[in-house]
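Chemist: Can you read through this structure? Questions will come right after.
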Ligand SMILES: Nc1ncnc2c1ncn2[C@@H]1O[C@H](COP(=O)(O)OP(=O)(O)OP(=O)(O)O)[C@@H](O)[C@H]1O
Ligand SMILES: Nc1ncnc2c1ncn2[C@@H]1O[C@H](COP(=O)(O)OP(=O)(O)OP(=O)(O)O)[C@@H](O)[C@H]1O
Ligand SMILES: [Mg+2]
Ligand SMILES: [Mg+2]
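Residue numbers (this note's numbering), protein chains in the order written: chain A, 3 to 160; chain B, 3 to 160; chain C, 2 to 151; chain D, 2 to 151.
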């Protein structure tokens, strides 16, 4: 399965429903400082179940909802959908959060729990978020980890 | 006074006595990864009295002495001299360290204490090391500091 | 289980070692005792504590680790956000070549400010932010990339 | 003494604010209560906690702070090690222009992998490391820089 598209709606600097299609191979994302590139990475991590708001550069999870700009007012909910495809098969993992704090996961449109999402991701070959995402400024993470912490990579391989 | 030259001898990747001349204006230093650019920055910080080996990417202060390479054996001492010039005036701040751990400061060739060096530097307009050096990977330091820690900059201005 | 972990360790140790000597022309050692220990040395240099390596050397050592993992067990995708920032041009090129080898099994998404990196991609997306704090996404071709970064 | 600190604060607050709106087309606020508090917003955006800014925005906000300090009280030199790594090309250009303004009072030494930054220098030193773990320094001219980085 490959990541076919992501849909961001109300997430950080994506107040307008935005779909980004991906293809197999190498995709490069470029643009000015502060334009939203790392926000896309945050969206992917968040939809995959990231629970630590600090890893998404947020103090509280609700901070990922678009907070308004000079010409738009804040929104009250955020949603991200990740669509994986393989031939005829399609899998959509989604997450929503409301400003009051309620948050839910979705698998193919149906409500799900975090552990269901993690199981589904493992099924398609994504053992852990650390395995598939290297965040900005985090390239040295592997070296900075303690020898014990690095075992998570051996577990992902085993 | 401006930094006229630095002399590195036995310091990190400078086993051979090396003098680098500087001029007023803008100097750019370029080169491959691991070639020694940041080591020059460490030398400047060290000669100015940096006491925290971790800020010089060393575990113990003796680690700044050239430890050998595939074709050279380790050395037993390191020395760095910073030469400041203004018209006819010249000021040389130096520091030496021996593998047994002894370390000494020099001002114009004579033995001095750390506080003499700091006083001399303040005389020529260098209030603190933080004020004049932004180390690799440390550009966000100011933002990451607590509001209390940032007061050192106001003190430097006052 | 214990056996699987030891097996994974041996595969990783070999792959990382092989990559390191091929790409960094140095040597990488891994040890498994109460955790995963790593020691590297670059061409012409001796083994040193990891903290003494340069910013670019640390980035390369870390990236080669990810590449080694993906060669043993590819995941569907790999997202890399500005990992090429500390690398010199020859090392950026080495990274690109390794990413190209991964691409048959893994979809790589790389965010970069470096046109040298971006132009090797199969697809390029530009993100812009006109005045209103709202991100806009549009696809670009390699020629457009060079015109916009002048 | 207390008065000197408050005076320094007011100078810094004004200078930083002026720089930020001129260079980042945004707004910067500083407060002095039990410490130095800073709040910034970039063009078209609202004020946000500093942690939510992008890597390049944080680098720029931090660098503008240094520039503001040096405009009020220049030190003999300023050493910048790869501070341009997270910046996009327009922001690199803004940084270079600010550095050029500082140069009459301050000697700036900037380490960089970006030829766009290096070519604006009055002097360029190249550091190389032939096989033996030993650094060699040689002066370069801007034309040579472009040939070597191809
Ligand atoms: N909830 C939110 N509402 C509105 N804006 C937000 C929100 N969260 C983050 N932002 C804005 O997103 C911007 C950061 O975007 P991002 O980190 O994606 O930039 P980037 O393209 O990666 O830039 P760089 O090249 O500097 O890394 C910041 O200006 C921040 O203020
Ligand atoms: N005491 C020492 N003896 C020998 N080599 C040393 C010593 N201390 C550091 N080194 C070596 O110096 C190198 C790092 O140099 P430095 O950090 O100056 O590189 P750099 O030119 O800044 O590279 P980058 O562009 O990646 O930041 C490392 O390879 C390290 O092993
Ligand atoms: Mg970013
Ligand atoms: Mg360096």
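Every residue, glycine too, gets a C-beta built ideally from N, C-alpha and C. Quick caveat: nothing in here was measured; it's all calculated off a predicted structure.
Do you know whose CA, among D:51, D:81, D:38 and D:71, lies nearest residue 47 of chain B's CA?
Modeler: D:81
Chemist: Where residue 58 of chain A and residue 111 of chain B are concerned, what is the direct C-alpha to C-alpha distance, given to the nearest angstrom?
Modeler: The straight-line gap from Cα to Cα measures roughly 53 Å.
Chemist: Give a yes or no on whether the minimum CB-CB distance between residue 99 of chain D and chain A is below 8 Å.
Modeler: Residue 99 of chain D is outside the set of residues whose beta carbon lies under 8 Å from a beta carbon in chain A.
Chemist: What's the call for residue 154 of chain C, buried or exposed, on a 16-neighbour Cβ count within 10 Å?
Modeler: This structure leaves residue 154 of chain C out entirely; chain C is present only between 2 and 151.
Chemist: Can you check which of these residues, D:89, D:6, D:139 and D:69, is closest to residue 20 of chain D by C-alpha distance?
Modeler: D:69
Chemist: Listed from N- to C-terminal order along the chain, which residues in the stretch 58-84 of chain D have their beta-carbon within a distance smaller than 8 Å of any beta-carbon of chain C?
Modeler: 83
Chemist: Please classify residue 92 of chain C as buried or exposed, where buried requires at least 16 other C-beta atoms within 10 Å of its C-beta.
Modeler: buried
Chemist: Among the residues of its own chain, which have a CB less than 8 Å from the CB of residue 39 of chain B, if the five just before and after it don't count?
Modeler: The residues are 31, 32 and 33.
Chemist: For residue 10 of chain C, which of C:26, C:30 and C:76 has the nearest alpha-carbon?
Modeler: C:30
Chemist: Taking 7 Å as the cut-off, is the CB of residue 115 of chain C close to at least one heavy atom of ligand 1?
Modeler: no
Chemist: Got a sec: does ligand 1 put a non-hydrogen atom nearer than 7 Å to the Cβ of residue 89 of chain D?
Modeler: yes
Chemist: Given that residue 17 of chain D touches chain B, what residues does it touch there, using C-beta distances under 7 Å?
Modeler: Those within 7 Å of residue 17 of chain D in chain B number zero; the least Cβ separation is about 11 Å.
Chemist: Can you list, in chain order, the residues of its chain with a C-beta nearer than 6 Å to that of residue 45 of chain A? Leave out the 5 residues immediately preceding and following it.
Modeler: 10, 13 and 82
Chemist: Output yes or no for whether 8 Å exceeds the beta carbon distance between residue 78 of chain D and residue 4 of chain B.
Modeler: yes
Chemist: Residues of chain A with a CB under 7 Å from the CB of residue 21 of chain D: which are they?
Modeler: Result: empty, since nearest Cβ-Cβ is about 14 Å, beyond 7 Å.
Chemist: Within 10 Å of its beta-carbon, does residue 102 of chain D have 16 or more other beta-carbons around it, so buried, or fewer, so exposed?
Modeler: exposed
Chemist: Answer yes or no: does any C-beta atom of chain C fall closer than 8 Å to that of residue 139 of chain B?
Modeler: yes
Chemist: Using the Cα positions of residue 131 of chain C and residue 74 of chain D, report the straight-line distance between them to the nearest angstrom.
Modeler: 36 Å
Chemist: From the DSSP secondary-structure annotation, give me the bridge partner or partners of residue 113 of chain A.
Modeler: A:108
Chemist: Quick one, which of B:63, B:104 and B:122 has its alpha-carbon nearest residue 95 of chain B's?
Modeler: Looking at the Cα atoms, B:122 is the closest of the given residues.
Chemist: Would residue 55 of chain C pass as an interface residue toward chain A - the criterion being a Cβ-Cβ separation below 8 Å?
Modeler: no
Chemist: Taking the alpha-carbon positions, what's the residue 57 of chain D to residue 50 of chain C distance?
Modeler: 30 Å
Chemist: Give me the residue from D:145, D:95, D:139 and D:146 with the minimum Cα distance to residue 20 of chain B.
Modeler: D:139
Chemist: If we count the other Cβ atoms within 10 Å of its Cβ and call it buried at 16 or more, is residue 108 of chain C buried or exposed?
Modeler: buried
Chemist: What are the start and end residues of the alpha helix (DSSP H) that includes residue 143 of chain B?
Modeler: 143-146
Chemist: Give a yes or no on whether the minimum CB-CB distance between residue 39 of chain B and chain D is below 8 Å.
Modeler: Contact with chain D is found for residue 39 of chain B, since one of that chain's Cβ atoms lies less than 8 Å from the residue's Cβ.
Chemist: Is residue 44 of chain D close to chain B, meaning its C-beta is less than 8 Å from at least one C-beta of that chain?
Modeler: no
Chemist: Quick one: grab the DSSP three-state call for residue 31 of chain C.
Modeler: strand
Chemist: Counting beta carbon pairs with one atom in the stretch 54-73 of chain B and one in the stretch 149-156 of chain A, are three or more of them shorter than 8 Å?
Modeler: no
Chemist: Which residues bound the alpha helix (DSSP H) around residue 155 of chain B?
Modeler: 153-159
Chemist: What does DSSP give as the partner residues of residue 38 of chain C in its beta bridges?
Modeler: C:32
Chemist: Between residue 70 of chain A and chain D, is any beta-carbon pair separated by less than 8 Å?
Modeler: It does; some Cβ of chain D falls within 8 Å.
Chemist: To be precise: take each residue of the stretch 103-126 of chain C, compare its Cβ to all Cβ atoms of chain D, and keep it if any distance is under 8 Å. Which residues remain?
Modeler: Those would be 114, in chain order.
Chemist: Check each residue of the stretch 38-63 of chain A: if its Cβ is closer than 9 Å to any Cβ of chain D, include it; give the result in chain order.
Modeler: 38, 39, 40, 41, 56, 59, 60 and 61
Chemist: Using only the heavy atoms of ligand 5, determine whether one of them is closer than 7 Å to the beta carbon of residue 83 of chain C.
Modeler: This structure lacks ligand 5; the ligands present are ligand 1, ligand 2, ligand 3 and ligand 4.
Chemist: Could you give the distance in angstroms between the alpha-carbon of residue 115 of chain A and the alpha-carbon of residue 55 of chain A?
Modeler: 18 Å
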